[in-house]
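**Student:**
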Amino acid sequence: MRIFRLLLAAVCLLLAFQPVNAGDLLPAEQSIDRAINHYVQELLQKDHLQPAALADDATIIRRLTLDLVGRIPTPAETQAYVDSKDSNKKIQLVDHLMASPGFIRHQAAQFDAMMAPTGNPGSGRLSAYFNEALKANKSWKQIFQDLLLPNENDPKQKGSIEFLKARVSDLDRLTIDVSVLFFGVNVSCAQCHNHPLVQDWKQDHFYGMKSFFIRTVDNGGTIAEKEFGQLKFKPNKGSEKPATPLFLSGDKIELANFREPTSEEQKKDKERLEKNKANKTAPTPPAVSARAKLFEVALKPGNSQFFNKAIVNRLWHRFFGYGLVTPLDQMHSENPPNHPDLLEWLARDMVGHNYDLKRLIRGIVLSEPYARSSQYAGTAPPDPKYFAVARLKALTPMQYAVSLKIATTDPASFEKQKPEALEKKIEQLEGAARGFASLIAMPSDDFQIGVNEALLFSNNGRVVGDFLGEGQGTLIARMMGSPDSKQAIELAVRSIFCRPATNEEIQLFADYLQKRTDRSKEAYRQLVWAMISSAELRFNY
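Using mature numbering (1 follows the signal peptide of the UniProt record, and there is no 0), the letters of the sequence shown map in sequence onto residues -22 to -1, 1 to 519.
#1: Give, in chain order, every unbroken run of the alpha helix (DSSP H) that is at least 4 residues long and sits entirely within the stretch 230 to 261.
#2: What are the start and end residues of the alpha helix (DSSP H) that includes residue 91?
#3: I need the straight-line Cα distance from residue 432 to residue 497, nearest angstrom please.
#4: Sort 483, 275, 30 and 209 by Cα distance to residue 239 and report the nearest one.
#5: Just mark residue 247 as buried or exposed, buried being the case when its beta carbon has 16 or more other beta carbons within 10 Å.
#6: What residue range is occupied by the uninterrupted alpha helix (DSSP H) comprising residue 506?
#7: Whole alpha helix (DSSP H) runs in the stretch 305 to 347 with 4 or more residues, listed along the chain?
#8: Excluding sequence positions up to five away, which residues of its chain have a Cβ less than 6 Å from the Cβ of residue 86?
#9: Flag this pair as touching only if the stretch 361 to 374 and the stretch 419 to 437 have three or more C-beta atom pairs under 8 Å; answer yes or no.
#10: Relative to the alpha-carbon of residue 163, which residue among 5, 438 and 184 has its alpha-carbon at the smallest distance?
#11: If you measure between the beta carbons of residue 22 and residue 323, is that distance less than 8 Å?
#12: Starting from residue 482 and walking both ways along the beta strand (DSSP E), at which residues does that stretch end?
#13: Going by beta-carbon coordinates alone, are residue 83 and residue 384 separated by less than 8 Å?
#14: Determine the closest residue to residue 212 out of 332, 254 and 168, with distance taken between C-alpha atoms.
#15: Going by alpha carbons, who is nearest to residue 415 out of 399, 380, 103 and 392?
#16: With DSSP as the reference, please indicate the residues paired to residue 211 in a beta bridge.
#17: Leaving aside the five residues before and after residue 121 along the sequence, list all residues of the same chain whose C-beta is less than 7 Å from its C-beta, in chain order.
#18: Going by DSSP, what residue range makes up the beta strand (DSSP E) through residue 194?
#19: Helix, strand or coil: how does DSSP classify residue -20 here?
#20: Taking residue 139 as part of the alpha helix (DSSP H), name the residues at either end of that continuous run.
#21: Leaving out five residues before and five after residue 202 in sequence, what residues of the same chain have Cβ atoms less than 8 Å from its Cβ?
#22: Would you mind listing the beta strand (DSSP E) stretches within the stretch 386 to 418 that are 3+ residues and don't spill past its ends, in chain order?
#23: Near residue 204, what residues of its chain come up, given a Cβ to Cβ distance below 7 Å and the 5 sequence neighbours on each side ignored?
#24: Evaluate residue 443 with the Cβ neighbour count: other Cβ atoms within 10 Å of its Cβ, from every protein chain shown; 16 or more gives buried, anything less gives exposed.
#25: Pick out whichever of 159, 149, 224 and 155 has its Cα sitting closest to the Cα of residue 181.
#26: Roughly how many angstroms lie between the CA atoms of residue 472 and residue 117, to the nearest whole one?
#27: Helix, strand or coil for residue 288? Go by DSSP, reduced to three states.
#28: Thinking C-alpha only, which one of 426, 503, 391 and 270 is nearest residue 445?
#29: Compare the Cα-Cα distances from residue 189 to each of 198, 232 and 362 and report the closest residue.
#30: I'd like to confirm the pairing. Which residues does DSSP put opposite residue 113 in its beta bridges?
#31: So what does residue 371 bridge to, in DSSP terms?
#32: Tell me whether the beta-carbon of residue 522 lies closer than 8 Å to the beta-carbon of residue 273.
#33: I need the boundaries of the beta strand (DSSP E) containing residue 202, first residue and last residue.
#34: With DSSP run on the structure shown, which of helix, strand or coil describes residue 350?
#35: Counting only the same chain and skipping the five closest in sequence on each side, list residues whose C-beta sits under 6 Å from that of residue 508.
#36: Taking only runs that begin and end inside the stretch 432 to 486, name each unbroken alpha helix (DSSP H) of 4 or more residues, in chain order.
What follows is the structure in structure tokens.
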């Protein structure tokens, strides 16, 4: 009966991840942005909902620049985009940003944060690897292989071993993280018993997945894999039993040497690993790698829907702030996608284009739902699952710190710069921002500004020193040199908020400055402080 229930759960799970009718999907040759437009609009029409209007140009360039290269645009970049009459200017902007070194740096930081061990977001352990991987435009499939099966002798994989090294001392954590990050499934609740809320996940799934890692060991500071090894576990009911290598789909795997070694085999295997450790060389791979078998099985037809859809869902969430499946680690039959055919189409497109990350990112940011305003004209905005209104996304520590640097730098220093010179200046500002970024917490989906951040901006001299100086090359110095307060205010709003000042803001700020003419330097500093500590700069809207 237990085997029957396991098979039934596997069948239900597979059916849950298929479209209602695969033949009804849009043609494969359709562009990604148009496919997104079609499926999102289809659900809105079905449920008689109106989306928000498209965002204005100033908002679009700010959103794209933050999402693609991790910073706000300079005033000159914003003005050039807003003034342009070119009907293709958005496409040109996206392609320009994605071709820049800043795109590689920011996306590498995003992937590093995504892959960080639980409780240690943005650790930086994989940032060097992702920088090189994204420069080479490695496919997600290749990245998965590099992280799961790192080869220390291959310079193209340098740093990839850090994924396993961060987890090898805790194979339960390694099992959970691989399942969550690459397959969109959290099997942790099936560790001690069958999942109490989700019928799909049994103890067999947790220990079946852990079986692929039971031979993975730390071998003197590097990662090795033993030739033999078997996993046993005690079910919630019953006596201890051997685990069966099992993928999330229910696919049972024949794994060679999944047993305890003989004394002679154990001695020979130990000698192999000790020799590598003594010579400080990369471990000789086993005759049969359990992790290599997992890589093979995960990409097999009938199983690969987990891998294909998990990365689509994560990238969608990165740019929309809400997943096609939410939470991101809860892909199962009782939590269906909000747009099942869209998820299926995008997953098929990923496979058909060799898991090209840049292609998917470009398609997402060129879509109409991505370009929606965050302000809704109706009485109440539709549920987030409709993607009818842009969601507010808290900036990451580096996004925030770099944006603060750009916002409080004299905008004239960015003007009339050649692209190479501007890129170099931005990179220098990024370097200068890292210290402040370390003081900011990595935001979650339900982010609220915490006490530590509020105190940092209220009482810490670092904010004054880094962003509120009035020396040459600063925003405040430029404001103080303006002919009148109106121009100073307009300059500050353009620099910090990336948009023109409203009449109300000009009047309010001018009144504030007028009452403090006897201490104008402090007044300008207070004005800039109020703007840089506001929610408008803190979020991508």
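A virtual CB, placed ideally from N, CA and C, is assigned to each residue, including glycine. All of these numbers come straight from a predicted model, not from anything done at the bench.
**Tutor:** Put simply:
#1: The stretch 230 to 261 contains these whole alpha helix (DSSP H) runs: 241 to 257.
#2: As a position in the sequence shown, residue 91 is number 113, starting the count at 1. Per DSSP, the unbroken alpha helix (DSSP H) holding residue 91 starts and ends at 79 to 93.
#3: Indexing the sequence shown from 1 puts residue 432 at position 454. Indexing the sequence shown from 1 puts residue 497 at position 519. Rounded to whole angstroms, the gap between the alpha carbons of residue 432 and residue 497 is 26 Å.
#4: Against the sequence shown, residue 239 aligns to sequence position 261. Sorting 483, 275, 30 and 209 by C-alpha distance to the C-alpha of residue 239 places 209 at the top.
#5: Within the sequence shown, residue 247 is the residue found at index 269, counting from 1. Buried: at least 16 other Cβ atoms inside 10 Å.
#6: Here residue 506 refers to the residue found at position 528 of the sequence shown. Its alpha helix (DSSP H) spans residues 498 to 510.
#7: Counting only unbroken stretches of 4 or more residues, the alpha helix (DSSP H) elements lying wholly within the stretch 305 to 347 are 318 to 330 and 335 to 343, in sequence order.
#8: Against the sequence shown, residue 86 aligns to sequence position 108. Correct list, in chain order: 105, 108, 109 and 112.
#9: The answer is yes - the stretch 419 to 437 touches the stretch 361 to 374, with three or more Cβ pairs under 8 Å.
#10: In the sequence shown, counting from the first residue as 1, residue 163 sits at position 185. The residue with the shortest Cα to Cα distance from residue 163 is 184.
#11: Residue numbering aside, residue 22 sits at position 44 when the sequence shown is read from its first letter. Residue numbering aside, residue 323 sits at position 345 when the sequence shown is read from its first letter. By the CB criterion at 8 Å, residue 22 and residue 323 fall outside the cutoff.
#12: Numbered from 1 along the sequence shown, position 504 holds the residue referred to as residue 482. No beta strand (DSSP E) holds residue 482; the alpha helix (DSSP H) holding it covers 481 to 492.
#13: The residue labelled residue 83 in the question sits at position 105 within the sequence shown. The residue labelled residue 384 in the question sits at position 406 within the sequence shown. The beta carbons of residue 83 and residue 384 sit no closer together than 8 Å.
#14: Reading the sequence shown from its first residue, position 234 is the one you call residue 212. Nearest option by C-alpha distance: 168.
#15: Within the sequence shown, the letter at position 437 stands for residue 415. Nearest C-alpha to residue 415: 380.
#16: Position 233 of the sequence shown, counting from 1, holds the residue named residue 211. DSSP lists 219 as partners of residue 211.
#17: To locate residue 121, count along the sequence shown from 1; it is residue 143. Hits under 7 Å: 111.
#18: Here residue 194 refers to the residue found at position 216 of the sequence shown. Note, residue 194: beta strand (DSSP E), 194 to 196.
#19: Taking the sequence shown and counting its residues from 1, one reaches residue -20 at position 3. Any answer about residue -20 is weak, because its pLDDT of 46 lies below 50 and its placement is not dependable; what the coordinates show is given next. In this structure, DSSP gives residue -20 a helical state, which the three-state scheme calls helix.
#20: Mapped onto the sequence shown, residue 139 falls at position 161. For residue 139, there is no enclosing alpha helix (DSSP H), as DSSP marks it with neither H nor E.
#21: Residue mapping note: residue 202 aligns to position 224 of the sequence shown, counting from 1. Beyond the five residues adjoining it in sequence on each side, residue 202 comes within less than 8 Å, by CB distance, of 194, 195, 196, 251, 254 and 261 in the same chain, given in chain order.
#22: Whole beta strand (DSSP E) segments, 3+ residues: zero.
#23: In the sequence shown, counting from the first residue as 1, residue 204 sits at position 226. If the five residues before and after residue 204 are omitted, its C-beta is found closer than 7 Å to the C-beta atoms of 193, 195, 247 and 264, all from its own chain and listed in chain order.
#24: For the purposes of this step, residue 443 is identified with residue 465 of the sequence shown, where counting begins at 1. With fewer than 16 other Cβ atoms within 10 Å, it is exposed.
#25: Position 203 of the sequence shown, counted from the first residue, corresponds to residue 181. When only C-alpha atoms are compared, the closest one is 224.
#26: Position 494 of the sequence shown, counting from 1, holds the residue named residue 472. Position 139 of the sequence shown, counting from 1, holds the residue named residue 117. Going by the C-alpha atoms only, they are around 38 Å apart.
#27: On the sequence shown, position 310 is the one that residue 288 refers to. In the structure shown, residue 288 adopts helical secondary structure according to DSSP, grouped into three states.
#28: Taking the sequence shown and counting its residues from 1, the one referred to as residue 445 is at position 467. Minimum Cα distance to residue 445 is reached at 503.
#29: Here the question's residue 189 lines up with position 211 in the sequence shown. The shortest C-alpha separation from residue 189 is found at 232.
#30: Numbered from 1 along the sequence shown, position 135 holds the residue referred to as residue 113. The partner list for residue 113 (beta bridge, DSSP) is empty, contrary to what the question assumes.
#31: Taking the first residue of the sequence shown as position 1, residue 371 is located at position 393. Answer is 518, bridged to residue 371.
#32: Because residue 522 is not part of the residues shown, which for the chain are -22 to 519, the question remains open.
#33: As a first step, residue 202 must be located in the sequence shown, where it is residue number 224. Counting along the chain, the beta strand (DSSP E) containing residue 202 begins and ends at 201 to 203.
#34: Here the question's residue 350 lines up with position 372 in the sequence shown. Note: residue 350 maps to strand in three-state DSSP.
#35: As a working note, residue 508 is residue 530 in the sequence shown. No residues qualify anywhere along the chain.
#36: Counting whole runs of 4 or more residues, the stretch 432 to 486 contains the alpha helix (DSSP H) stretches 439 to 445, 453 to 458 and 463 to 475.
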